[in-house]
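J.: Submitted below is the structure of interest, expressed as structure tokens.
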Amino acid sequence: MKIRIKLLLYFILIAGVSSFIAIYFAINSISSRYKDTAVEKTRIIRREAENTFSEYLGELSRKGLFISELGEIMNNMKDPDEISAALELKMFFLSTINVKVVDSSGKIIAFKNNSLPSFIDEKILANGLFFLKENNSLIRRTGIVDLDGSICFVSVSPIVDHDTFERTGDLILEIPLNSEFADQMRNKIKSEIVIVSNSGKIATTFLDPNGERHFPEISNLDPGSDISLKIMGDNYLIDSFVIEDHNGKDLGKVIVCENINDIIQARKLDIRSLVFVFFIVIVSVIFFGIVIGNRISKPILILSRGAESISKGDFDIKIKASSRDEIGDLTNIFTNMADSLKTQKKDMEHMQLYLKNIIDSMPSIMIGVDSNGKVTQWNVEAEKKTGITQDNALGKQVGKIFPQFEKQLEGFRKSINEKKPQKMEKILEKVNEDILYKDIMIYPLISNGVEGAVIRMDDVTTRVRIEDMMIQTEKMMSVGGLAAGMAHEINNPLGGIMLGVQNIMRRLSDDLPSNIEKANECGVDFNKITEYLEKQKIMYFLDVILRSGERASDIVTNMLNFSRRSGDQMIACDIDDVLDKTVELAANDYDLKKKYDFRHIEIIREYAPNLPLVPCVKNEIQQVILNLLKNSVYAIFEEDNKIKEPKIILRLKRVENLAWIEVEDNGPGMDAETSKRIFEPFFTTKDIGVGTGLGLSVSYFIVTNIHKGSMYVESAPGKGSKFIIKLPFEEK
Amino acid sequence: MNKKIVLSILFLLLLAGLIFSGDIKNIVRTGTRAEPETLDPASVWDDSGVIFTGNIFNTLVSLNAETMEILPSLAVSWKSENNGKTWIFKLRKGVKFHDGTPFNADAVVFSFRRQMDKNSKFKYYDFPLFFEIFPFLKEIKKSGQYTVIFTLSEPFYPFLSTLTVDCASIVSPEAVKKYKKDFYRKPVGTGPFKFVSWIKGKKITLEANREYWKGEPEIDRYITVFDMNYDKLLSMFMDQKIDILLNHSISKLVSLKKLKWVSVSSSPSLTTNFLAFNLKNKYLKKIGVRRAINHLWNKKILKLVYQNIVDPLCALFPKGISGYNCNIDKYPLSLKQAKSLLKKEGLEKGFRLKLLILNDLQLELQMIKLFSRSLNKANIDLKIERLTPEKYSKKISKGDYDLAIAGWIADYPDPDSIINPLFSKSLRKGGMPNLSTGETKKINKLISEARRERNKIARQELYVKLNNLIVDQALFLPLFQNSNIVVYNNRIGKIRKNLLGKIDLFNLGKN
């Protein structure tokens, strides 16, 4: 769940529970407060009713005092009519009060009943009201009495003669506690009243819809009890007090009925508004929950987005801490982490790049494979050599890219499993017509947990060739050593042979007169001798001896070249000149003239201008070039090759501090086997007796050994041959 | 876990709120029409003031309100030497005044000296009663920190009782020196209640003295509200805004007595109410006239007017004071005798007398009006003048009256406390009508004698003699003895004024 929602739920839970509790208590307290209020209000009204009730009594007493001290009454005790008239005059003052004037014997001499029925009559007086017993008392008495089951306020005031201060009679005031009285009280205290006497008489202020008195069933209630009742559809709270007479005898009770509809309504309203508040609280909690949740989760969200972009590799995030709290700290830490990750990544990338660079810079093909033989690493050299880009190579079976590995796959696995490197050297591979040598090394990855291997493939063709050449050189060196010893020993007899043959041939020649003379001397016709020689092919054999001798002599001469550490000084030569002279020489070579027409070959000179001088032994370089030219011409005019436009290109150029001399022809070219061996001594493709097989090997010797240069050939059958000689400009 | 804590805290807060919402103060409020003029016990002299001073201050000895027995108070023991002329008091230790200063012999000496020394620099206002009550006090000095010695010029029997009078209260010397002439409205004593504030015309507030040497009072505050309008006080009482009503109306008592939550306590007070005669008046000079007036007094008037809240008096001393004697009514109601007495004096044709009465005395006025009817029958014409207290006092002190309605409340329960002031010329000059207008040498001599008399019976005889002499001479018309009526709310417990008109707030609310 999202933090926001969690927070919101927590908020709602906490706020909900606490406000529920608070509202529960509040409602309880409101209810009880309202109840208390209602009870208190009723109590106050009851007390007010009580006060009013007692005040009526006091008022009755005061009225009694006032009326009893009226002169019209005090002075006319013998004249009831005067008294009645006086009472009539005070009617307004005595509304609802029944008045009786009694003489000292207890006889009613005047009365005025304003509230019917009146309960005081002479019979009751004769029985003696409590206050009439002390006959001569001047004390006024006021109290509540039960007259035949009806409760009445009664006040007795002595009527006193103010001359003698003798009591001449009594003024009796009476208020029956009937419904009219209750109405009066109701008007004062603004609350319904029910007066219940113990005899069961009820006075009430309740009116039914018809305007008739309604007597509610509340007469049996305990006095003082807080009881709520429904009377004619309205809610009332009830309180009461006891009516006691002067002796403390319980006569009945006054029940105050306070209408509490308003309070109930107000309570409902209050509770409703509380519930409303509860909802407001919940709504605002949700609102603030969302706001706070957003506030809290926003930075977290930003952080997580940051983390996401980091996970995607974008470290370039800028998150500003929005607050100083823990999330702010986290944000700062996060940003720092991202920064350091970024740095680390940069470092790593740099390192990777560096490593890749290293790997790519290797002249070897480096291929990483996993244990299944799938390519995991592919360097630039591999791309270059295979023509397959890294993207295409990755994930492919190495066997499919290198079909020749198909056979080695088992070896790979074994190597990987045994964690033993495997090395396969000088694996021959034919690319088109070229023969390439490769070293293949398989290094299983040794760190634990990573299965796979690194395959390194080196093209060692050149090295192999150089090695071969080295071997040749060694051979030549040994030949040189042998030749040096042999040449003189062979040259001398050879000289004898050659001289002998030449002399024989000269002495058999008819060109010389001396020969004919000698033959004549000997008596032999010279012609006859000639005839014989011809018949016996003597001359032919002599010629063979001569040519063989010459050939042997050539070989010896050449062999001497290997060994010669002549005193020939290296002289800075103009290579152009050397080349041109050599071509000239070649054109005049009798051998060439004899057999091939050098003029038919187009000689193309491509000399780079202004080449510096090259230290060399001129004759030797000439010999090398001439050799090459001869070979080219030979190849061009080979019997089987009908080259239409034979040409030889001589190039001279400078590559760094080397002078490159190229001799290229458009002859038949050589196969690889041949080109591999051409620098070997005594290797020749010419017919036996035609070439010595030393020409190129001597040339090679001259270039590499004497001039510290290098020499190789590029050739393919049908594509001509190109010999390249590299000579350093400065003597090493 | 957090939620639980939050919930418990909420719950506790709710609980605490419910618990501490109750009212903890126990305050008693009184309503009265009579605002005291002073709260300095040395200058207070009516019962509107002593209700306060009696609770703010202590005296050396106190009275048991029921038995009138003398009890130790600030003095723990005492003895008299030198034939009753020297009194040595050992004082209570560890008592402090409300201002924190210690109570000691110096404070006692100071409290008396400031009133006694004619030239005392602490006499910022008059102390009217001191010399009336302590006429024989010659010297007061301390003997050590907690002993004081009173020396009287002559033996004075009721000396211990006089020490219970308010002017014998011990005040804080430091407070007097500090407040100077404002001490009367910033009283500082050792009593069970501390003075808090007095808003003139509105209220006086006292607060319980939690360090009171007798212990803590039950009530925390005692507030007295003043209002001249009795109906207003009554409605406050009915609304239960005040708990004690010190004034009353007889007709209202009918309804108040009916209420269950109301108690009405009625107890006799050591008062005498009388009609003072100015013997300088040419008619009243004559003993026949005075006696005739006594004969014309119909006691039924009291019943008619006061119903049964007063007791008729027919002699000098009220009930509760030794010397009270109402067994024989020397002047029974008799128009005939009155007329013959007047005839003897040659005044049968009548004459006119001017009577002064305070304008707020309603029932007394009614009583006098009814009495005037009786006087009329003997051709004595009564001219009633209703006066404000100031004008009344002024006229009395000037002697510009014939008759005056007057009363006196004893300061201590001894006949001397009644008779001595009633014959004090200085008090009359101060505006209180009394019996000192005629020739009083003989009476004063007898009074002095009674003061010195140490024999209880002999002393009582002297007062009886005095009473008889005064009644015989008809030096006044004794009217009635008041009752102390206190109307109060039952909730504060039982309350009553004592005989001397004081209210014991210390024991209020204690059962």
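Protein chains in written order, with my numbering: chain Y, 775 to 1506; chain L, 4 to 514. Every residue gets a Cβ at the ideal spot worked out from N, C-alpha and C, and that includes glycine.
Note the first and the last residue of the continuous alpha helix (DSSP H) segment covering K1404/Y.
T.: Residues K1392 to I1410.
J.: Give the residues of chain L in contact with L831/Y, contact being defined as C-beta atoms less than 8 Å apart.
T.: Those are V257, S258 and K261, listed as they occur along chain L.
J.: Straight-line CA distance for K881/Y to K864/Y?
T.: Roughly 22 Å between the two C-alpha positions.
J.: So within the segment 424-481 of chain L, which uninterrupted alpha helix (DSSP H) runs reach at least 4 residues, ignoring any that extend past its ends?
T.: Taking only runs of at least 4 residues, the alpha helix (DSSP H) segments lying wholly in the segment 424-481 of chain L are 428-432, 444-455 and 459-475.
J.: How would you label W264/L, buried or exposed, when you count the other beta carbons within 10 angstroms and need 16 or more for buried?
T.: Exposed: under 16 other Cβ atoms inside 10 Å.
J.: Between which two residues does the beta strand (DSSP E) holding G917/Y run?
T.: Segment R915 to L921, the beta strand (DSSP E) holding G917/Y.
J.: How is the alpha helix (DSSP H) around S1047/Y delimited, first residue to last?
T.: Its alpha helix (DSSP H) spans residues N1035 to S1085.
J.: Would L1316/Y and I1278/Y qualify as a contact pair, given that the criterion is a beta-carbon distance under 8 Å?
T.: Contact: yes.
J.: Could you compute how far the alpha carbon of F827/Y sits from the alpha carbon of C926/Y?
T.: Whole-angstrom Cα-Cα distance: 12 Å.
J.: Is F1061/Y buried or exposed, if buried means 16 or more other CB atoms sit within 10 Å of its CB?
T.: By the neighbour-count rule (16 or more Cβ atoms within 10 Å), F1061/Y is not buried but exposed.
J.: Figure out for me which residue from H1374/Y, L1501/Y and N1362/Y has the closest Cα to the Cα of C1347/Y.
T.: When only C-alpha atoms are compared, the closest one is L1501/Y.
J.: Short of 8 Å in beta carbon distance, which residues of its chain neighbour K776/Y, apart from the five on each side in sequence? Order them along the chain.
T.: Result list for K776/Y: S1071, in chain order.
J.: Helix or strand or just coil, what does DSSP make of Q958/Y?
T.: If DSSP states are grouped into helix, strand and coil, Q958/Y belongs with the helices.
J.: Hey, out of R1046/Y, I1345/Y and E991/Y, whose CA is closest to I1005/Y's CA?
T.: Looking at the Cα atoms, E991/Y is the closest of the given residues.
J.: Ignore the nearest five residues each way along the sequence and tell me which others in I488/L's own chain have a CB closer than 6 Å to its CB.
T.: The answer, listed in chain order, is H251 and S269.
J.: Let me confirm a value: K306/L is counted as buried when at least 16 other C-beta atoms fall within 10 Å, else exposed. Which label applies?
T.: K306/L is buried by the Cβ-count criterion.
J.: Can you pull the DSSP bridge partners for Y491/L?
T.: Its beta-bridge partners are I247/L and S266/L.
J.: Pick out whichever of T35/L, I460/L and V257/L has its Cα sitting closest to the Cα of Y233/L.
T.: The shortest C-alpha separation from Y233/L is found at T35/L.
J.: With respect to the beta strand (DSSP E) encompassing K82/L, which residues constitute its N-terminal and C-terminal limits?
T.: Per DSSP, K82/L belongs to the beta strand (DSSP E) from A78 to E84.
J.: Given that Q310/L touches chain Y, what residues does it touch there, using C-beta distances under 9 Å?
T.: Under the 9 Å cutoff, chain Y gives L912, I913 and R914.
J.: Which stretch, first to last residue, makes up the beta strand (DSSP E) that contains I222/L?
T.: First-last for I222/L: undefined, no H or E at that position.
J.: Fully enclosed by the segment 335-382 of chain L, which alpha helix (DSSP H) runs are 4 residues long or longer?
T.: DSSP runs (the alpha helix (DSSP H)) wholly in the segment 335-382 of chain L: 338-347 and 365-380.
J.: Spatial neighbours of E1488/Y within its chain, please: C-beta separation below 6 Å, excluding the five flanking residues on both sides.
T.: The residues are K1496.
J.: Express the C-alpha separation of D1328/Y and I1275/Y in angstroms, rounding to a whole number.
T.: Just to set this straight, residue 1275/Y is Val in the shown sequence, not Ile. In a straight line, the C-alpha of V1275/Y is about 17 Å away from that of D1328/Y.
J.: Please decide whether N849/Y counts as near chain L, where near means a Cβ-Cβ distance under 8 Å.
T.: No - not a single Cβ of chain L is within 8 Å of the one on N849/Y.
J.: Going by DSSP, name the residue or residues bridged to I1201/Y.
T.: Beta-bridge pairing links I1201/Y to K1212/Y.
J.: Would you call K197/L buried or exposed, if buried means 16 or more other Cβ atoms sit within 10 Å of its Cβ?
T.: K197/L should be labelled buried.
J.: In chain order, what residues of the segment 272-303 of chain L put their CB closer than 8 Å to some CB of chain Y?
T.: Hits within the stretch, in order: N301 and K303.
J.: The beta strand (DSSP E) with Y1486/Y in it runs from where to where?
T.: Y1486/Y -> beta strand (DSSP E) spans S1484 to S1489.
J.: Under 8 Å between C-beta atoms, does K533/L make it to chain Y?
T.: What is shown of chain L runs 4 to 514, which leaves residue 533/L out entirely.
J.: Taking all protein chains shown into account, decide if T766/Y is buried (16 or more other Cβ within 10 angstroms of its Cβ) or exposed.
T.: Shown here, chain Y extends from 775 to 1506; a query on residue 766/Y therefore has no answer.
J.: Taking just the CA atoms, how far does K1158/Y sit from K1116/Y?
T.: Roughly 33 Å separates the two Cα atoms.
J.: Skipping 5 residues on each side, what residues in its chain have a beta carbon closer than 7 Å to that of C170/L?
T.: Correct list, in chain order: P44, A45, Q118, F130, L132, F133 and I136.
J.: Taking the DSSP output, what are the residues bridged to C1347/Y?
T.: V1388/Y.
J.: Would you check if the distance between the CB atom of E948/Y and the CB atom of N872/Y is smaller than 8 Å?
T.: Yes, Cβ-Cβ distance for E948/Y and N872/Y is below 8 Å.
J.: To the nearest whole angstrom, what separates the beta carbons of I399/L and P436/L, a pair I think is in contact under 8 Å?
T.: Indeed, because the Cβ distance is near 5 Å, the residues count as touching under 8 Å.
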